[in-house]
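Participant:
Residue numbers (this note's numbering), protein chains in the order written: chain A, 350 to 725; chain B, 2 to 295; chain C, 452 to 756.
1. Any C-beta of chain A within less than 7 Å: which residues of the stretch 155-188 of chain B qualify?
2. Closest by CA to residue 560/C, which one among 630/C, 520/C and 655/C?
3. Report the residues of the stretch 413-442 of chain A with a CB closer than 8 Å to any CB of chain C, ordered along the chain.
4. Please report the Cβ distance between residue 471/C and residue 107/B, rounded to the nearest whole angstrom; I am assuming they are in contact, meaning their Cβ atoms lie under 8 Å.
5. Ends of the alpha helix (DSSP H) at residue 398/A?
6. Since residue 557/A is in the beta strand (DSSP E), which residue starts that stretch and which ends it?
7. Can you say whether residue 289/B is buried or exposed, counting buried as having 16 or more other CB atoms within 10 angstroms of its CB?
8. Report all residues from its chain with a CB closer than 7 Å to the CB of residue 123/B; omit the five preceding and five following residues, and keep chain order.
9. Note the first and the last residue of the continuous alpha helix (DSSP H) segment covering residue 448/A.
10. Counting only Cβ pairs nearer than 8 Å, list the residues of chain C close to residue 150/B.
11. Run the CB neighbour count on residue 172/B, radius 10 Å, all protein chains shown included, and call it buried at 16 or more, exposed below.
12. Taking all protein chains shown into account, decide if residue 115/B is buried (16 or more other Cβ within 10 angstroms of its Cβ) or exposed.
13. Pairs of beta-carbons, one from the stretch 93-113 of chain B and one from the stretch 129-147 of chain B, closer than 8 Å: are there three or more?
14. Under DSSP, the beta strand (DSSP E) around residue 225/B begins and ends at which residues?
15. Do residue 736/C and residue 117/B have their beta-carbon atoms positioned less than 8 Å apart in this structure?
16. May I have a chain-ordered list of the alpha helix (DSSP H) segments no shorter than 4 residues that lie completely inside the stretch 28-85 of chain B?
17. Strictly below 7 Å CB to CB, what residues from chain B border residue 362/A?
18. So is residue 294/B in contact with chain A if we call contact Cβ pairs under 8 Å?
19. Once DSSP output is grouped into helix, strand and coil, what is the label at residue 648/A?
20. Within 10 angstroms of the Cβ of residue 555/C, are there 16 or more other Cβ atoms? Answer buried if so, exposed if not.
21. What would DSSP say about residue 470/A, mapped onto helix, strand or coil?
22. Beta-carbon within less than 8 Å of residue 642/A's beta-carbon, same chain only, minus the 5 sequence neighbours each way: which residues are those?
23. Run through chain C and tell me which residues come within less than 9 Å of residue 400/A, C-beta to C-beta.
24. Say whether the stretch 620-627 of chain C touches the stretch 531-550 of chain C, bearing in mind that this needs 3 or more beta-carbon pairs closer than 8 Å, one atom from each stretch.
25. Establish whether the CB of residue 243/B and some CB of chain C are separated by less than 8 Å.
26. Would you say residue 495/C reaches chain B, if we count a Cβ-Cβ gap shorter than 8 Å as a contact?
27. Please state the DSSP three-state secondary structure of residue 424/A.
28. In the stretch 618-661 of chain C, which residue ranges form an unbroken alpha helix (DSSP H) of at least 4 residues, counting only runs that do not cross its ends?
29. Please confirm whether residue 420/A and residue 453/C have their CB atoms less than 8 Å apart.
30. What are the residues in the stretch 448-475 of chain A lying within 8 Å of chain B by C-beta distance?
31. Are any of the Cβ atoms in chain A nearer than 8 Å to that of residue 194/B?
32. Fully enclosed by the stretch 164-212 of chain B, which alpha helix (DSSP H) runs are 4 residues long or longer?
33. With distances taken Cα to Cα, identify the nearest neighbour of residue 407/A among 365/A, 359/A and 382/A.
34. Report yes if the CB atom of residue 566/A is closer than 8 Å to the CB atom of residue 378/A, and no otherwise.
35. Using DSSP with H/G/I as helix, E/B as strand and the rest coil, what is residue 363/A?
36. Let me see if you follow: with CB-CB separation under 8 Å, is residue 403/A close to chain C or not?
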């Protein structure tokens, strides 16, 4: 079990920089998930850790040892590829045994280890099959077993679940977590699926454009997104973002009109006001409503219901409990909780930590540390 | 392999397929049938058409030492040129596939020889390896008579093998490289992570995964060495010296068009056809068992 | 991939260099020989750098071999074969893949089987067909007795004849009559989603419209690849043109003309002229492979598999 540190890691192809200086430290035994849209450099980063891509500059250490120039086989990492990369001409048994075969482990020991490993992932009955005769989930397990048998210091997963159907994906998600709990091997998983990222990570890293946007526990990242990008990338439906100005008096003027909410400890200027759909409340009457928006359509999800309001061609979503039907065209009376609002700089998109209070109420609401969960 | 969605219009379909079907009937099936007819009949010397002679033509051929000479020469040519062209093609494909600096340039240029018409390659090699001029003739200054494919049968054989293989190295290279590059990169990377070094990966992964391509090329090389060698032979050794390079197609051409023995030539064609069909059949059987990447 | 394999890398580079030498040295020496004069070309060993007589030799062989006309013939034949193939094969594959009709599978196999036997092995009887392309029909009519009927009815003996010897038709048609391109198209057509046909049908397009507006535009890359390899195949033909043309002055192709350049045994061998001719004849296909390698490789790999 080894910790991993990345210091100012960069990767460029010719003049094209795809990883633009990444600093990260992954404690031993933790499960890191790197989340980002396609092309954000997350897979490249993973392959740099694996030794499949050269590191242009910066430093990578695993277990305290500098790894920049080590060959993949010297890094003691195992990797599960997106398409599993099984050896199509070898049986399941030989696929799993291959790392040991290359390492020159005697046949008898090798066979015993293969049987044990295969049994632990439920493949005991498939050892003589070829990969082509297996289902997607079984192939996934073979790839896992091949990675496990070497008892590596680090597991690397490159979108391992994206080729599975939805049901299997949920199931394998749990299995991967169980495996991690059992073996305690430091793991790095790359995905573009936010649910996967939220559910599996001890430590979640959101990447965009070759940079880390935010690193933290899943709840930190969800509760206090560090940038406009993170705010809109995580959460379904995504966070509502509204353009706003902070008046010299501190009051918020949004594109939907002035709000009875003031910002403290910050200079006036243009901002983006963000609020998650589940944090928008329905007002009890016109006199305590902060916003009035026409309802466009309603999505029923069973446990919750999403109300979509119209807003200059953009949507504004509100998540509520299921209840009385709203007719389309009705006017939504909405109330905002100042403690659940997020501010982002309009120019740089970075989070602005400020105290938000309802005007007329004396007690300033504490800034959002309340949602932060200490890192394990 | 059938489509779910299709059109139903038989006359139109027939009209669309008609040009090719007519051409195939006229230039493939009729001649093949005619070959059979000639192979089992003999033209009467005083005219009056052909009479059925059963296996007489084949008996004549099989009793002819010149025919067996031609078979022997063809087999030597086929095996030697296939071995040479496959080995070199494989080495080059594996080397280019390592993607070292400049591999794209090598890939580009190594294919050129396949563009050259066999007779042109033949004429070029006839000059380059001629006993009086070219590249190798100076050996004869030091060792008179050492190299002379014009009188030495085995040297003539070597000459056509070299000229022919030169073209097919490029052909095999091209297919083997395409085969290597169709192996998913992640499979090779997985093996690297599993600790396998390049030579080990070639042996454990690339060669086994390439067996369908290798087998396909073996069949094509053998087949083509029987059918595609005419141009080379005609421009280099003309079958000589003393029939040392008279390959099967060359003999058919000579017996048929110079000797005007249509029946003999047709019977030889039939034998060659059976040989080629057998090779192709083996290949189709094998193609079914290709490896599919998952 | 990070991998330190210095020795293997050197070996790899050496193999590649050796391959390059094998591939290019013969070509280079052809160029060198074509640029020497008669006396230089017969010295041994051959100089490694070109001399100063290249243009002179090219002009000389051009005139002596009437290469202008021969190259035109080759170009015409190769273009016709490529175009004919690209077009006819597309029609056939369309009929086989997108239509249901009674003898469809028979037609499919009838064409498929032709992949097995190259022209060279059935050269003698094919020649007989070319001598009279209506011969088969005549035979059929005679065997079925229809010819006699005709003779009785009209009083004229039926003698159908269409001689393809010494004609462009004879040079081109037998080369078009193979299945190569048909299977390239078929494989590609099978990958076209059914929904596309259904959508076209819903939009009211008939089969020919679907073929013209959707299938052909989608097949452009395959057509380019097929045209490239068919052009080379036809250009490099030797045995068939040799048989089908006796009137070499008018219908000879460039590759056939090489035979005329073999130096005579009884005079000083004019290898410089022969190599200049070889250079001219090999140049067009070589240029195609150098400049259109992408299409060439694609076509070759796709048709052979």
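Think of the CB as a built atom: it goes at the ideal place given N, C-alpha and C, for glycine as much as any other residue.
Keep in mind the model is a prediction, meaning the values are calculated, not measured.
Facilitator: So, to answer that:
1. Within the stretch 155-188 of chain B, the residues whose Cβ lies closer than 7 Å to some Cβ of chain A are 185, 187 and 188, listed in chain order.
2. Among 630/C, 520/C and 655/C, the Cα nearest to that of residue 560/C belongs to 630/C.
3. Of all residues in the stretch 413-442 of chain A, those with a C-beta nearer than 8 Å to a C-beta of chain C are 418, 419, 420 and 421, reading in chain order.
4. Beta-carbon to beta-carbon, residue 471/C and residue 107/B are separated by about 6 Å, close enough to satisfy the 8 Å threshold.
5. Unbroken alpha helix (DSSP H) run through residue 398/A: 391-399.
6. Following the DSSP letters along the chain, one finds residue 557/A inside the beta strand (DSSP E) bounded by residues 552-557.
7. Low per-residue confidence applies at residue 289/B: pLDDT is 49, beneath 50, and the placement is therefore not dependable enough to give any value.
8. Cβ within range, chain order: 164, 232, 233, 236 and 237.
9. In the DSSP assignment, residue 448/A falls within the unbroken alpha helix (DSSP H) covering 441-451.
10. Going along chain C, no residue has its Cβ under 8 Å from residue 150/B, so there is no contact; the nearest lies around 14 Å.
11. Counting C-beta atoms within 10 angstroms of its own C-beta, residue 172/B has 16 or more neighbours from the protein chains shown and is therefore classed as buried.
12. So residue 115/B counts as buried.
13. At 8 Å Cβ cutoff, the stretches do not touch.
14. The continuous stretches of beta strand (DSSP E) do not include residue 225/B, which lies in the alpha helix (DSSP H) extending over residues 208-228.
15. Yes, Cβ-Cβ distance for residue 117/B and residue 736/C is below 8 Å.
16. Counting whole runs of 4 or more residues, the stretch 28-85 of chain B contains the alpha helix (DSSP H) stretches 31-40 and 57-63.
17. What residue 362/A touches in chain B: nothing, since even the nearest Cβ is about 14 Å away.
18. Confidence at residue 294/B is low in this model, with a pLDDT of 48, below 50, so the placement of that residue should be treated as unreliable; the coordinate-derived value is given next. Against chain A, the CB of residue 294/B has a partner CB under 8 Å away; the residue lies at that interface.
19. Looking at residue 648/A - three-state DSSP - the assignment turns out to be strand.
20. Counting Cβ neighbours within 10 Å, residue 555/C comes out buried, since at least 16 surround it.
21. Per DSSP, reduced to three states, the secondary structure at residue 470/A is coil, with no helix or strand assignment.
22. Cβ within range, chain order: 605, 658, 659, 660, 665, 680, 681 and 683.
23. By Cβ distance, chain C contributes 452, 453 and 454.
24. Contact holds between the stretch 620-627 of chain C and the stretch 531-550 of chain C, because three or more Cβ pairs, one in each stretch, are under 8 Å apart.
25. It does not: the Cβ of residue 243/B has no partner Cβ on chain C nearer than 8 Å.
26. The beta-carbon of residue 495/C is placed less than 8 Å from the nearest beta-carbon of chain B.
27. If DSSP states are grouped into helix, strand and coil, residue 424/A belongs with coil.
28. DSSP runs (the alpha helix (DSSP H)) wholly in the stretch 618-661 of chain C: 619-627, 631-641, 645-653 and 658-661.
29. Judged by their CB atoms, residue 420/A and residue 453/C are nearer to each other than the 8 Å cut-off.
30. Within the stretch 448-475 of chain A, the qualifying residues are 448, 451 and 452.
31. With 8 Å as the cut-off, residue 194/B counts as an interface residue toward chain A.
32. 186-194 and 199-202, all fully within the stretch 164-212 of chain B.
33. Comparing Cα positions, the closest option is 359/A.
34. It is not a contact, given that the beta carbons lie outside the stated cut-off.
35. Residue state, collapsed to three classes: coil.
36. Cβ-Cβ to chain C under 8 Å: yes for residue 403/A.
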